[in-house]
Structures are given as structure tokens and as C-alpha cells.
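See below for the structure under consideration.
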Amino acid sequence: MILWSFSRREVGRRPGRALLTLLSVVIGVASVISVLSATRTTRAAYRQMFQKVNGSADLEITGFGGKRFDEELVAVAEKTPGVAVAVPLIHRNTILYGPEGRATLTALGIDPEKDSAVRDYELVEGEPLGKNIGVWMDVGLARRMKVVVGDEIKLLTRSGLKPAPVIGLVQPAGGSSVVQGGLVMMHLRVAQARFRIERQIDTISIVLNEDADENAVRNELQAALPDTVTIGRPSTRTDVTDEAMLANEQGLRLATAFILMLAVFVIGNTFAMNVGERRRQFAVMRAIGATRRQIAGVLYREALAMGVLGTILGIMLGVFGARILTTAVADVMLVELPDVEITTTSLVIATMFGLGLAMLGAYLPARQAAAMTPVEALVSVPPQHSSQVSWWVPVLGLLTLAVSAVLLTGCIQGRLPVGLAAIGSVGGLLGLVMLIPVVVGPVSALVERSLLASIPVESRLARRQLLRHRGRTTLTIGVLFIAMSTGIALATTISNNLNDVRTWYERAIVGDFFVRAMMPDMATGEAADMPESVRAQIESIEEVTSLDSLKFVSVRTDTQDTVLVVVREFTNSDQVYFDLQTGDPASVIEAVNEGQVVIGTVLSQRRSLKMGDTITIETADGPKPLMIAGIANDYIGGGLTVYMSRQSGKALLGVTGEDIFVVKCEPESLKSVEKQLESICNEHGLLLQSYAGLVSTVNAMLGGITGSLRALLVLSFVVASFGVVNTLTMNVLEQTRELGMLRIVAMTRWQVRRVIFAQAAMMGLIGLIPGAAMGVWIAYVINLAAMPVLGHPVVFHFYPWLFFGCIAAATTTVFLSAWIPAERAAQLAPTEALRYE
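Heads up: the sequence shown begins at 1 in UniProt numbering, then just goes up one per residue.
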């Protein structure tokens with residue numbers, strides 16, 4: 001209890017120091033909880049979406065290549081021994097138009113008598129489904145759209161906009177999911193008529209008898225059913241979804257690792273200052289009987305208290321950050337995600353990080369405090385051995401660098417999981433920081449020589465004081481080094497990737513206008529069909545010089561991976577359709593029109609495929625090998641894409657309809673064509689977007705990322721500035737008697753200020769310039785390590801404006817941080833300074 005009173009008094013005396021420690025824990029915990037919760041929410045949302053559609057079936061029958069098949073197979077499946085019930089399903093992405101606007105959703109055509117066997121939902125209000133045109137709506141969707149039972153909505157179908165009275169509201173098990181998981185259910189016969197697929201269905205969900213053997217039933221079904229269908233486990237997630245999210249998650253993990261490392265150094269620096277200022281207090285405690293363990297326990301308890309409070313505040317801030325992060329991910333993925341859910345696992349992990357950060361940061365200062373003897377701590381001048389460095393520190397730094405190099409090399413070569421690249425990058429920075437005590441002497445001597453001409457006396461005094469407390473100086477330089485290197489590394493990496501995205505859409509998305517029912521899901525490629533009459537209406541516009549269309553289809557390969565097939569009309573041999581990494585544009589278009597395909601770089605990397613190889617996909621006629629004509633950079637579907645011509649798509653996959661129309665016209669006709677397209681889109685409830693509008697949308701998405709980057713850079717510099725203030729303030733306190741003596745022998749106030757600024761300049765130059773250079777190197781290594789994720793090399797650019805701008809901003813921050821300690825030193829009265837102990 002008595003020791004706690006010492007700690008409370010210390011916090012009251014130095015609230016700024018305690019606040020800095022607290023903020024470091026808060027930021028670290030908030031980062032962890034934000035990233036964990038946002039990524040879990042996104043993945044869980046997609047998983048719930050597939051579960052809502054596919055239900056709790058044991059097996060699922062689908063057509064090869066995603067093609068529809070005859071509903072008569074339901075009866076065949078039900079007669080198979082071991083099958084309890086076979087449930088047919090039609091599922092289509094569509095657009096709903098209600099009193100409060102439009103929404104994208106999934107429309108399910110179900111058999112009401114059988115569907116409850118696989119899909120768990122409760123009819124909250126209304127009446128059962130019949131063969132009339134009435135529909136059930138998801139309760140959550142109905143609330144968002146302000147629709148009640150009895151209202152009439154309109155659904156976009158291949159027959160155009162069709163009215164549908166809402167006769168019931170249902171609550172699916174599992175709650176909300178992504179926007180395509182918002183459901184509208186209708187009778188199977190109504191769905192077949194609306195989507196023009198008479199007597200055909202998309203899937204059959206199979207529920208087995210309790211004593212049935214799954215493998216045996218599967219074999220029986222394969223023998224009874226035609227070769228145009230496949231039997232497998234129901235999908236709850238897709239490879240395309242995972243791949244689309246992978247790059248985002250890797251970037252978030254890397255940024256979090258950097259923030260946690262910076263937090264540990266700031267906490268360590270703060271506690272080191274704390275120990276230096278409380279030397280006499282600890283000496284008195286030792287003199288009256290306190291043991292070394294009790295002295296260390298004081299600091300550990302203070303760290304634990306800060307850790308607990310910081311964890312609580314960090315979790316609260318992390319929930320807010322997770323919502324912002326989830327919104328940013330939803331904007332990039334072009335989906336609407338549910339509210340963030342904080343799980344027990346996330347809370348436990350965040351708590352471990354919060355307490356771990358505080359205790360790890362306090363470890364070395366606590367050992368230093370416990371090692372002091374009463375006599376040593378009572379002297380007015382700190383002992384000179386504080387300038388010595390244990391031999392194991394640089395040795396451990398070299399070992400850490402070696403391990404980091406192995407990890408990064410393995411990630412670059414694809415032999416190790418790319419997630420280890422973050423650990424390798426953080427380890428490399430830690431190893432370099434451990435080498436700072438070895439190099440700070442000779443490097444500070446070089447800096448001193450550069451200052452001798454202008455401030456000879458002040459520069460010598462500044463260097464001597466920094467080297468007297470090498471450990472504290474190392475911590476501060478380490479904070480500056482890490483803040484600068486991580487800031488420039490993240491800024492350069494993100495800038496390079498943004499340039500890569502811009503290059504992709506400038507080459508792959510070429511047109512004057514784009515007509516679509518909805519923005520396609522960037523993770524799954526799913527979109528709503530457009531009415532069949534739209535193509536003819538657009539073709540009737542005289543000023544239109546070119547009309548291209550795209551259709552997205554999810555297909556399985558021979559290795560059971562899911563890929564996104566993009567069916568497109570390649571009619572203009574002079575147009576650049578791809579951001580090709582391999583292949584000649586003209587010959588690639590010719591080959592695609594002859595039945596070959598172009599694949600995304602990520603798919604090429606995952607399957608070790610190259611131009612001239614074949615990729616086998618499931619088609620209506622069974623597995624079909626397709627020659628690869630080229631490999632292209634692609635950001636749709638996470639790069640797991642296969643591009644084929646419309647003719648091939650129709651023959652192999654039975655593709656009909658369009659998801660997007662790409663319209664081109666002469667420049668002088670833009671306004672006229674836009675007006676006529678607006679009329680067509682208003683008639684059918686479609687979206688019209690100009691190329692300028694599309695570029696603006698993409699740039700707005702990228703602008704959100706850039707804004708987050710700037711906030712991260714500012715945060716890094718602010719945290720680093722606190723470290724500089726801490727070190728220089730402590731140096732002033734320990735130099736109080738020395739500065740008083742110098743003032744008596746005629747040192748002016750301006751000379752005192754220059755001593756403090758010279759210390760700041762030395763730490764800044766030693767930490768910031770190498771940190772900036774290391775930041776560029778880390779960005780280059782990250783660029784190389786991203787190859788297994790992106791499947792293609794991102795062109796690395798060095799940005800002089802970023803490099804020198806960050807150095808200038810950080811240097812300014814360092815000197816501003818030195819102003820308060822410098823003023824405090826300059827205002828010391830000589831007589832009071834001599835009495836200071």
C-alpha cells in the first residue's frame with residue numbers, strides 16, 4: 001500500500017509522462033482490436049452470405065461451370081438411398097426499388113414445402129409464400145428500406161422491372177451479412193418466370209438421413225445423375241473472396257506491427273526517464289530497507305496499472321477504429337458490411353498486447369532501477385557507467401538482422417508464408433536499433449565536426465551529454481529512426497500500389513459510358529442481370545460507335561479452386577483490354593477470340609501457370625483445358641480471374657445476359673449519347689456512369705487510403721516528438737548544476753539554448769536520415785515480398801518529394817520539440833542551479 005502511494009504521487013508530479021505511456025498502450029491496443037475486428041467482420045459477413053444462400057445441407061448439386069440444369073433431377077436425387085430430402089433453389093443478384101430508394105440483394109426462388117429443411121428462418125410477420133407474385137423480405141433489409149407488409153416493391157429481372165407485393169417478413173438465422181446477403185424470397189415458379197429460366201434451377205441442396213454414409217450417397221448420386229452436374233460440399237466461402245481480402249489484411253497487419261513496435265520504444269523511453277528522475281527516491285527506499293525486487297516491483301506495478309487502463313481505453317477506441325476501418329474495406333470491396341462485432345477472442349488478444357506492451361517497455365528500466373545501490377543513487381551526478389553498453393545488445397541485434405533477412409528472403413522467393421514478411425520487417429528494424437549504441441559515438445563525432453564551425457563549444461557539450469547517457473539517447477534515436485523508417489516505408493509502398501491500380505484501370509477499363517444494374521462485388525464478381533432489351537436499345541443509338549459487354553461467372557477449376565471468369569466481347573483489335581504482364585496485345589486478342597484465355601497474375605502465381613500452359617475449368621460438357629494466351633495484372637476478384645470471349649463463354653458455360661455494357665462514341669456526341677442512355681437507364685432502373693465519373697469514384701476510394709496514410713505519418717512524428725521532449729528535458733535536469741556553473745563563467749542564455757538544440761540536431765540527424773534511407777529500403781523489400789500476393793511485380797518508384805519532405809517535416813518537429821527544454825535551461829538562475837540536487 002505504501003509503495004502504491006509513491007506511484008500515485010509520481011503520476012501526479014509528472015502527468016505528461018504518465019499520459020504518454022498511457023497513450024502508447026491505447027494506440028497499440030486500438031490498432032490490434034481495429035484490425036482483428038474489421039477483418040473478422042468482413043470474413044464472417046461473406047461466410048454468412050454463403051450460408052444463407054446454401055443453408056445447412058450435407059451435399060450440394062450444381063451444374064458444371066455454374067450452368068443451370070433441369071429441375072427433374074430433384075426427383076432423381078430424392079429417390080437415391082440415404083437422401084432424406086432434395087431442395088431446389090434459384091438464386092440471382094438483383095436490384096430492389098422501394099419507397100426509400102434502391103438496394104442490391106439476393107433473390108431466392110424456393111420450394112416453400114421443402115426449403116425449411118436447409119434454410120433456417122422465422123416468418124416474423126405476414127402470410128406463407130404461394131405461387132402468386134408475392135415475396136418475403138429479410139427483416140433487416142425491410143427496416144433499412146422502410147418497407148412493411150403490404151407494400152409493393154419492384155425487382156430488376158431479365159424481363160425488366162417487375163412489381164412484387166411484400167406478403168411477409170422473415171428473420172434468417174445468422175443475422176446480417178454483406179449487402180448481397182439481404183434476401184428476397186419468392187416461390188420457385190415465380191422466380192423461373194421472372195428470370196426466364198423455365199423448368200430450370202441453379203442448385204439442389206441434399207439433406208441425408210441420420211444413418212447415411214456421405215461418401216456412399218455421393219457415389220450413388222454420381223451414378224444416377226448426368227455428367228453435366230457435380231456433387232460436393234456446400235460452399236461457405238470462396239477462394240476469390242479470400243484472395244481479394246488478402247492484400248488488405250497483409251497491409252493492415254504490417255502497419256499494426258510497426259505501431260506496436262513504436263509503442264514499446266516510447267514506453268521504454270518514458271520509463272527510462274522516470275527511473276532517471278527518481279534515482280534519489282529509489283535510493284532512500286533502498287536505504288530504509290526496500291529490496292531490489294520491491295524497487296523493480298514499483299515500476300512493474302505502475303506499468304501494469306497503465307497497461308490495464310490503456311487496454312480499457314484502447315478497446316473503446318478500437319471499436320470506433322474498427323468501424324472506420326470496416327467502412328473503408330467496404331468501400332474498396334464495393335459491399336455494405338454489417339456492424340462490427342467484438343469477439344471474446346479479439347478482446348483477449350488485445351488485452352495480452354496491451355499488458356505485454358506496458359510490461360515489455362518497463363522491463364529494462366525496472367532492471368536498471370533495481371541494480372542501483374543506495375550510495376550510487378544518492379550522488380548528485382549520475383554514474384558514468386550509464387554510457388557503457390552491454391556486449392549482448394549489438395550481438396543480439398546482428399542475430400535479429402540475420403533471422404529477419406532469412407524470413408524476408410523466404411517470403412520474396414515464395415518459400416515462406418507472406419504473413420511472415422511483417423515479422424521480418426519489424427525484426428530488421430529492431431536489429432538496427434540494437435546497433436545504435438555501437439555507432440552513436442563515431443556518428444555523433446561526424447555530426448559534431450559539421451557543427452564545430454558555427455557552434456564549437458555548444459556542439460562539444462551536446463555530444464558529451466548524449467554519450468553520458470547512451471541508453472537513453474539510443475531509445476530516443478530509436479524512436480525517431482522507427483517513426484521515420486515506418487512512415488516512409490508505408491507511404492512509399494502505398495503510393496506504388498496506388499500507381500499500380502491506376503495503371504490497371506486506365507488500361508483495362510476503357511469506355512465513354514458504363515451501364516450496369518449494380519456495382520459488381522469486387523470479391524466475388526457477382527452482379528445483377530440486366531433486362532434483355534437493353535442491348536437493342538443501346539445499339540439503336542446512332543452515335544454509338546462501339547458496344548462491349550462483360551459478364552462475371554464463378555467457376556471451379558480441376559483443382560477445385562474457385563476462379564472468376566470474365567466473359568467479354570473483344571471486337572476492337574486496336575483497343576488495349578488488359579494490363580498485360582506477359583503477351584503481345586494484338587496477338588492476345590486474336591488468340592482469345594479463337595478460344596484461348598487470359599488469366600490474372602495472382603492465379604498465375606498460385607498455380608505456377610505461364611503463357612502457353614493450359615488451365616482446366618468445369619464446363620457444361622465436363623472439364624475443359626484452355627490454352628493461356630497471356631497473363632494480365634487484375635484487381636477484380638483478387639486477381640483469380642480468367643478472361644474469355646463471349647463466344648467461348650456461351651459455348652462452354654452457357655453464359656447469357658450482361659452485367660456491364662461499355663459504350664463508346666465520338667467526342668462530339670458525348671452529351672447526346674449521355675442523354676439517350678439516361679433515358680434507357682431511368683426506364684429500367686439501371687446505373688449510368690461516365691468514364692470521368694468512374695475515375696472519380698476510384699480516385700475517391702484511393703483518396704481515403706491516402707488520407708489514412710497522412711494521419712499515420714502525423715501520428716508517428718507526434719509520438720517521436722514526445723520522445724525528444726522527454727530526453728532533452730531529462731538532460732536539462734541532469735545538467736542543471738553544470739549549466740549553472742557555465743552561466744556563472746559567462747555562458748549566455750542563447751548559448752545554453754544552442755547546447756540543447758545541438759543535442760536535438762545530433763539525435764535528429766542520427767535517427768532521421770538513416771531512418772529515411774531504411775524506409776526506402778523496407779518499401780523496396782515489401783515490394784518484392786508482395787509478389788506472391790499480387791502475382792506480378794509492382795513497379796517501384798522512389799519519390800524525392802516524399803523522402804525530403806518527411807525529413808524536413810520530422811526535423812522541424814524535432815526542433816520544435818526541443819524548444820521547451822531549451823527555454824527551461826536558458827531561464828535557469830545560476831544560484832538556484834548550483835543548489836539543485
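Glycine included, C-beta positions come from ideal geometry on N, C-alpha and C.
Computed from a prediction, not measured in an experiment: that's the story for all the values here.
Review point. Quick one, are the C-beta atoms of leucine 260 and serine 425 less than 9 Å apart?
Key: no
Practice item. List the residues that DSSP assigns as beta-bridge partners of alanine 366. Key: DSSP, once it has assigned bridges, lists no residue as partnering alanine 366.
Review point. Is it a yes or a no for the region 101-119 touching the region 208-216, going by three-plus beta-carbon pairs under 8 Å?
Key: no
Exercise for review: Can you tell me which of the three DSSP states valine 149 falls into?
Suggested key: coil
Practice item. Name the residue from Gly318, Gly428, Phe282 whose alpha carbon lies nearest to the alpha carbon of arginine 367. Key: Phe282
Review point. DSSP three-state call for serine 387: helix, strand or coil?
Key: With a pLDDT of 49 at serine 387, under the threshold of 50, the modelled position of this residue cannot be trusted; read the value that follows with caution. Helix at serine 387.
Point to revise | valine 510 - DSSP class collapsed to helix/strand/coil | key: coil
Practice item. Look at the alpha carbon of aspartate 613 and the alpha carbon of glycine 63, and state the distance between them as a whole number of angstroms. Key: 26 Å
Review point. Could you give the residue range of the alpha helix (DSSP H) that holds asparagine 572?
Key: That residue, asparagine 572, is in no alpha helix (DSSP H); it is neither H nor E in DSSP.
Exercise for review: Excluding the 5 residues preceding and the 5 following tyrosine 780 in the sequence, name in chain order all residues of the same chain whose CB lies nearer than 7 Å to its CB.
Suggested key: Phe796
Practice item. Express the C-alpha separation of glycine 150 and glycine 174 in angstroms, rounding to a whole number. Key: The pLDDT assigned to glycine 174 is 47, lower than 50, so where the model puts this residue is not dependable, and the model offers no usable value.
Review point. Touch check for the region 82-101 and the region 144-161: three-plus C-beta pairs under 8 Å?
Key: yes
Review point. Is the Cβ-Cβ distance between aspartate 138 and leucine 105 less than 9 Å?
Key: yes
Review point. Do you know offhand how far threonine 80's Cα is from proline 623's?
Key: 25 Å
Exercise for review: Return the CA-CA distance between valine 640 and isoleucine 782, expressed in angstroms with no decimal places.
Suggested key: Correcting the residue type first, residue 640 is leucine in the shown sequence and not valine. Between leucine 640 and isoleucine 782, the C-alpha separation is close to 22 Å.
Point to revise | Boundaries (first-last residue) of the alpha helix (DSSP H) holding phenylalanine 798 | key: First-last for phenylalanine 798: undefined, no H or E at that position.
**Study point:** Between the CA atoms of glutamate 666 and threonine 112 - distance to the nearest angstrom
**Key:** First, the amino acid is wrong: residue 112 is proline here, not threonine. Cα-Cα distance, rounded: 52 Å.
Exercise for review: Could you give the DSSP three-state label for isoleucine 288: helix, strand or coil?
Suggested key: coil
Check your understanding: Does the beta-carbon of tyrosine 121 have 16 or more other beta-carbons within 10 angstroms, so that it is buried, or is it exposed?
Key -> buried
Practice item. Output yes or no for whether 9 Å exceeds the beta carbon distance between alanine 107 and methionine 186. Key: yes
Exercise for review: Could you round the C-beta distance between glycine 511 and valine 663 to whole angstroms and report it? I think they count as a contact, below 8 Å.
Suggested key: 6 Å
Practice item. Determine contact between the region 675-691 and the region 590-604, defined as no fewer than three beta-carbon pairs at a distance below 8 Å. Key: no
**Study point:** Per-residue DSSP class, three states only, for lysine 131
**Key:** coil
Point to revise | Coarse secondary structure for residue 868, derived from DSSP in three states | key: With the chain represented from 1 up to 837, any question about residue 868 goes unanswered, as that position is not in the structure.
Check your understanding: Looking at the structure shown, is aspartate 584 part of a helix, part of a strand, or coil, going by DSSP?
Key -> coil
Review point. How long is the line joining the alpha carbons of proline 585 and phenylalanine 578, rounded to whole angstroms?
Key: 8 Å
Point to revise | Cα-Cα separation between valine 275 and valine 393, rounded to whole angstroms | key: 20 Å
Review point. Which class does methionine 747 belong to by DSSP, given the choice of helix, strand or coil?
Key: coil
Review point. DSSP state of methionine 627, grouped into three classes?
Key: strand
**Study point:** Alpha-carbon to alpha-carbon, serine 604 and tyrosine 691
**Key:** 29 Å
Exercise for review: Determine the DSSP secondary structure at methionine 372, reduced to helix, strand or coil.
Suggested key: coil
Practice item. Taking only the alpha-carbon atoms, compute the straight-line gap between proline 234 and lysine 114 and give it to the nearest angstrom. Key: 17 Å
Exercise for review: Have a look at Phe570, Ser495, Ala462 and flag the residue whose alpha-carbon is nearest the alpha-carbon of alanine 822.
Suggested key: Ala462
Point to revise | Cβ shell of threonine 545 (< 7 Å), same chain only, five flanking positions each side left out | key: Lys664, Cys665, Glu666
Review point. Which same chain residues, not among the five before or five after serine 648, have their C-beta less than 7 Å away from its C-beta?
Key: Gly595
Check your understanding: DSSP three-state call for methionine 137: helix, strand or coil?
Key -> strand
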